[in-house]
Every structure is written in C-alpha cells, then in structure tokens.
Amino acid sequence: MHKRPQHTAHLRGSAQLATDAVIGLTDLVEAMHSRIATLPVLGSPACDERTRGITGLVYRSVRGATRRVGDRAQALLGWLDDRLAADHASRAAPLARPEREALRAALNGVLGDHLAASGNPLAIEMCFRVAGQSLPRERDALRERLPDAGPRPLILLHGLCMNDLQWQRAGHDHGLALARDAGFTPVYLHYNSGLPIAVNGHLLAQQLEQLQAVWPVPITGLTLLGHSMGGLVARSALHQAASGELGALRWPTQVSDLICLGSPHLGAPLETAGHIVTSLLSVAPYAAPLARLALLRSAGIKDLRKGDRTPLPTGPRCYAVAANLKPANAASATHLLGDGLVSVASALGQHRQAARRLQFPAAQQAVVHSTSHLGLLSSTTVYAHLIGWLRPLQD
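Position 83 of the sequence shown, counted from 1, bears residue number 83 in this note's numbering, the numbering being contiguous throughout.
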C-alpha cells in the first residue's frame, strides 16, 4: 500500500489545526466574557466559563460554523488525496524539503501532543531516518538501503522543535564526521518533540529493539548521541528498559556510550520562567483564561521544567557537553543561562543537592565557550571532544 501524498496530508493537518485554533480562541474569548460578566472575587472558585442566552447562542454559532467549514475543508482535501494517490504511487518518494521539515518540527515541538491526540496528519511519527528518508524495518531492505552498515551504529537524537535534518549545520554534521573519521554508521531519530519525554523514551526503546533485530551485521557497540531534549529521551529509554517494564530487551546491553550535548538534565530555566508566568496568570480571575495561551506549551516543553531526576544508566559510558555563550576568559555573569537556553550546571548535572547530582566522570564532561545551544551542532571543539572520546574505542 502506498502512502498518500505528503503535501496534501499536511494541508489537511493545517486545515484541522486552523479549525482547532478558531474554536479554541472562541472558547477563550467566551471564558473572559463570562469572567467579566460574573465579577468573581479574587481567589474565589472558578465560575462557569460558558455564557448564556443570546450571548451563548452567538458563541455556539461561531463554534458550529467553524466546525462545518473545517469538515468541508477536510472532505475536499480528502478527495484531492484520493485523486493524487494513484499518481503518487508510481513515483519515488520525494526528498524531504528542509524548510517544510523545519516548520513541521517546530510546530510539533510547540503543539505536538495536541497534534497527536487529535490525529492531525502534521504529527510526526517516530522513525529512524538517513538523508531525510525513513529506514525500512526488514533486514534485506535495510541492507540494501545501508550497504556500508558497520557493527557500530550511531543513533543521533535531535532536540526540541528540531528534526533529523538539522544535525547538518554550517556545513558540518557530527554523525557524518564520525562515520568518516571513526567508522560509525549514523542513523538519525525523527520524533515528535512535543510529546512527553517519557512517551518518546518508551517509543524509542521499542524502536531500538526493532532496529537491532534487523541490523545487517552483528552489533559490537551502540552509541547514543543526543542534543538538548534528545539526551533526555535517550536517558528515558535506557531507564525504562532497565526497569523491566518493557519486558526483556536486547538493545540496552549493546549500548556502549551515551553522549549528551546541551541536555537540560536539571531543567531549563526559560521553561521554569514560563511556568511561573502561567501560575501568576491563573491567580487573577480575569486573567485566568489567558493562562491557556501560556499552556499552549506542549507536554514535551513542560517536561523540560524539571529535567530528569533518574540516575545515569550504569551500563554505558556517559558523557556530557555544556556550552557557554561567554569566552573562557570572561566573567561568569551569564553562567546561569549558559548557552542561552540551558545552564552549564544543568547540562553537566551539577545540582546543589548531592543526591540529585549526576555522576559524569571528570574526564567525560566538557564545557565549550563562545558557543550557543545550536552552535553545539557545528562546533569544531565539540567534535574534537567526540572524536577524542570515541575514536580510541575503535582501535
């Protein structure tokens, strides 16, 4: 069976999202109208957020009309899907367009949980990709797709609001460079970064088990390289696999190395600030409906507030790289923000409380200066650490 043309599926997803947005905005306006009309006392219980009488009829009419328009748009685009499907079936899969992929990834990062829950075609389904194309899940097809696959696959996990194509930055890709210089076989995870980290960890654990079962050659070592949220997803997968809740899995015993680049192990301060704003808005009765706008942050983003409190996995060697916007010889006034999104302490797991501190060995952690959060992806200093840690293992 051939998949439907991706561009029409995305049009259907956009139409569905627009319908959801209008209905959601109508609900928000009606809630504020109701709050103002009933004049609640500060701190009193929340009132009914639906208006009555003619006013309520107006809001219900707006919602009903929006749903009807949305349904008709979906029907039209569904018909277009069917008309194009036959033509699409005779063509090779189109190459991913970086700009479109980047927009979809950003949308998934912000609203990915809603997209998935509403069955929106824009929701990204987790898969492994190479050069922007999904890998087959059968051994013979995978061997044909990766004829040079070696015994040491390198799994690269992107960060929040990003995708697998964005490991390529400023003419550099850590995965391709490690393939060239150390013989790894890079495979890139593509996932919905708006889902809860634990959900993505669960899915990753299952997909890694499937991948190792069909890998073309025997695996001697599996390396996980995560940027930002990707490091937390990798840790979650390892933790859930070790807990036994997913049954007996083989892939965790094959993991030799876990490397986290700018991963907010202790949480991200910008998401914490957003949580504070949301809490303050919810206290004032008239502003409470506006808190919904702040709550548009996906479950994945909210998870970054607390980071990952589980200990590091005991099997693989664990490495951490943090970035600081300031040069090495500058005062540490911006040390809290670190790379602009994740503090140095969070990226290295250096909590004030010893019980919550992550035990990265001193020789397996690094701080790179004059580097931003995204700059970690193209930094020659970061790559020097990666090759220095991993290449000796190939000898």
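A virtual CB, placed ideally from N, CA and C, is assigned to each residue, including glycine.
These numbers were taken from a predicted model, which means no experiment stands behind them.
Taking the straight line between their C-alpha atoms, what separation do you get for residue i and residue j?
i: Ser228; j: Leu325; result: 16 Å
i: Val367; j: Ala354; result: 21 Å
i: Trp215; j: Ala248; result: 18 Å
i: Thr314; j: Gly244; result: 15 Å
i: Gly340; j: His373; result: 6 Å
i: Asp308; j: Leu232; result: 7 Å
i: Gly183; j: His174; result: 12 Å
i: Gly171; j: Ala345; result: 29 Å
i: Gln212; j: Trp251; result: 6 Å
i: Val382; j: Leu178; result: 12 Å
i: Ala123; j: Arg305; result: 23 Å
i: Arg391; j: Arg143; result: 25 Å
i: Thr380; j: Pro327; result: 15 Å
i: Leu176; j: Gln364; result: 22 Å
i: Gly230; j: Ser263; result: 7 Å
i: Glu99; j: Cys127; result: 19 Å
i: Ala330; j: Ala384; result: 22 Å
i: Leu208; j: Pro316; result: 15 Å
i: Leu261; j: Leu386; result: 10 Å
i: Pro361; j: Asp257; result: 13 Å
i: Ser118; j: Gly109; result: 15 Å
i: Thr253; j: Val199; result: 21 Å
i: Met32; j: Ala141; result: The pLDDT assigned to Met32 is 44, lower than 50, so where the model puts this residue is not dependable, and the model offers no usable value.
i: Leu111; j: Arg104; result: 10 Å
i: Gly43; j: His114; result: Low per-residue confidence applies at Gly43: pLDDT is 48, beneath 50, and the placement is therefore not dependable, though the value from the model is reported in the following sentence. The alpha-carbon atoms of Gly43 and His114 are separated by roughly 30 Å.
i: His369; j: Gln350; result: 18 Å
i: Asn120; j: Leu107; result: 12 Å
Quick one: what's residue i bridged to in DSSP?
i: Arg169; result: His172
i: Val187; result: Ile155
i: Asn324; result: His369
i: Arg250; result: Its beta-bridge partners do not exist; DSSP assigns none.
i: Gln133; result: Val130
i: Leu225; result: Leu156 and Ile259
i: Arg317; result: Asp257
Which residue marks the beginning of the alpha helix (DSSP H) containing residue i, and which one marks its end?
i: Val233; result: Met229 to Ser243
i: Tyr383; result: Thr380 to Leu390
i: Ser346; result: Val344 to Leu348
i: Val217; result: No alpha helix (DSSP H) contains Val217, which DSSP labels as neither H nor E.
i: Asn192; result: Run containing Asn192: none; DSSP gives neither H nor E here.
i: Lys302; result: Ala299 to Asp303
i: Ala102; result: Pro98 to Ala117
i: Asp308; result: Careful: Asp308 lies outside any alpha helix (DSSP H) and carries neither H nor E.
i: Leu142; result: Arg139 to Arg145
Let me check understanding here. Comparing Cα to Cα, which of the options lies closest to residue i?
i: Thr371; options: Trp389, Ser343, Gln359 and Leu238; result: Ser343
i: Arg297; options: Pro147, Gly267, Leu246 and Gly194; result: Gly194
i: Leu266; options: Ser379, Ile259 and Arg352; result: Arg352
i: Ala237; options: Leu204, His172 and Pro269; result: Leu204
i: Leu348; options: Ala320, His369, Ala268 and Asn329; result: Ala320
i: Arg129; options: Arg180, Arg357, Gln166 and Trp389; result: Gln166
i: Gly375; options: Ala323, Phe360, Glu209 and Leu358; result: Ala323
i: Asp148; options: Val217, Asp257, Leu246 and Gln240; result: Val217
i: Asp303; options: Asn192, Met162 and Ile197; result: Ile197
i: Ile259; options: Pro121, Leu111, Leu377 and Gln206; result: Leu377
i: Ala131; options: Ala102, Gly159, Ala105 and Gln168; result: Gln168
i: Phe202; options: His239, Arg180, Asp181 and Ala328; result: A small correction: the amino acid at residue 202 is His; Phe does not occupy that position in the sequence shown. Selected option, being the one with the closest Cα: His239.
i: Arg357; options: Pro269, Thr310 and His385; result: Thr310
i: Ala234; options: Cys161, Ile301, Met162 and Cys318; result: Cys318
i: Gly300; options: Pro361, Ala116 and Cys127; result: Ala116
i: Leu160; options: Asp181, Gly150, Pro151 and Tyr191; result: Tyr191
i: Val255; options: Pro269, Ile219 and Leu261; result: Ile219
i: Pro269; options: Ala141, Gly338, Arg145 and Asp181; result: Gly338
i: Asn163; options: Gln359, Arg97, Gln210 and Pro121; result: Arg97
i: Gln210; options: Pro151, Arg139, Leu146 and Gly150; result: Arg139
i: Gln359; options: Trp389, Leu246, His369 and Leu312; result: Leu312
i: Gly388; options: Ala242, Pro121, Arg145 and Asp181; result: Asp181
What span of residues does the beta strand (DSSP E) with residue i cover, start to end?
i: Asp257; result: Val255 to Leu261
i: Arg129; result: Cys127 to Val130
| said: Using 8 Å as the cut-off, can you tell me whether the region 175 to 192 makes contact with the region 130 to 143, which would need three or more C-beta pairs spanning the two stretches below that distance? | reply: yes
| request: Inspect the CB distances between the region 147 to 164 and the region 214 to 223 and report whether three or more fall short of 8 Å. | output: Taking 8 Å as the limit for Cβ pairs, the verdict is that the region 214 to 223 does touch the region 147 to 164.
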